[in-house]
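Note that this note's numbering has the sequence shown beginning at 286, numbered continuously upward.
All C-beta atoms in this analysis are idealised placements derived from N, C-alpha and C, irrespective of residue type, glycine included.
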Amino acid sequence: MQHKILSRPAASVAQLNMNDGESVTCEVGAMIAMTPEFEVETTTKKKGSSGGGLGKALKRMLAGENLFLNHFTATDNNQSLIIGPRMLGDILHFPLTGGSLIVQGASWLASDTDIEIDATWQGLGKALFSGESMFWLKCSGAGDLFLSSFGAIYEIEVDGEHIVDTGHIVAFEDTLQFTI
């Protein structure tokens with residue numbers, strides 16, 4: 286799958302160019318336009334998974350995501366899928382290389398079907414004092430990950446202490462230690 290992010294940072298969309306057999310999982314409502322040779326499947330679980338669908342879907346809902354996932358599989362070469370977030374804003378492509386990324390629930394837009402998406406508990410204290418959800422999404426595995434936000438996204442290399450308003454966090458590596 287090849288991608289281009291267009292119209293950054295105010296009204297971004299991601300154009301995904303896919304060949305026969307390539308798949309991507311998107312949040313419901315992310316598809317803006319597509320060429321006709323796609324198979325679309327809506328489920329509560331990871332594509333190809335044999336179990337855990339409803340439980341993981343309910344956990345995703347606690348993190349601010351939809352109960353359902355849309356899976357798009359190209360059935361011919363040179364197919365194009367254009368996706369975008371629910372609200373105007375930016376899109377970031379993050380190539381996940383086998384580790385995990387903790388994502389603010391509403392920021393997950395799409396990912397390779399090989400990436401595992403699960404909700405993770407941030408702790409009652411952090412949730413109460415941050416004013417945000419008690420759950421984050423944990424994206425694990427290897428493949429393309431697309432994140433979105435209301436407003437521009439920029440990366441910060443944290444070396445020591447850094448203060449960020451929790452309402453503006455899009456994602457962070459699972460090795461980052463943080464307090465509120």
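Between residue 371 and residue 389, the alpha-carbon positions lie close to 15 Å from each other.
Per DSSP, reduced to three states, the secondary structure at residue 453 is helical.
For residue 384, the uninterrupted beta strand (DSSP E) segment begins and ends at 375 to 388. Taking C-alpha positions only, residue 318 is separated from residue 365 by approximately 8 Å. Here DSSP, grouped into helix, strand and coil, assigns residue 315 to coil.
For residue 444, no pairing in a beta bridge is given by DSSP. In the structure shown, residue 292 adopts coil according to DSSP, grouped into three states. In the three-state reduction of the DSSP assignment, residue 427 falls in the strand class, which pools E and B. With respect to the 8 Å criterion, residue 399 and residue 428 are classified as neighbours on the basis of their beta carbons.
Nearest Cα to residue 435 within the set 291, 286, 287 and 296: 296. In this structure, DSSP gives residue 391 a helical state, which the three-state scheme calls helix. Secondary structure at residue 433: strand, using DSSP grouped into helix, strand and coil. DSSP, reduced to helix, strand and coil, places residue 301 within a strand of the structure shown.
Residue environment: residue 397 is assigned as buried (16 or more neighbouring CB atoms within 10 Å of its CB, all protein chains considered).
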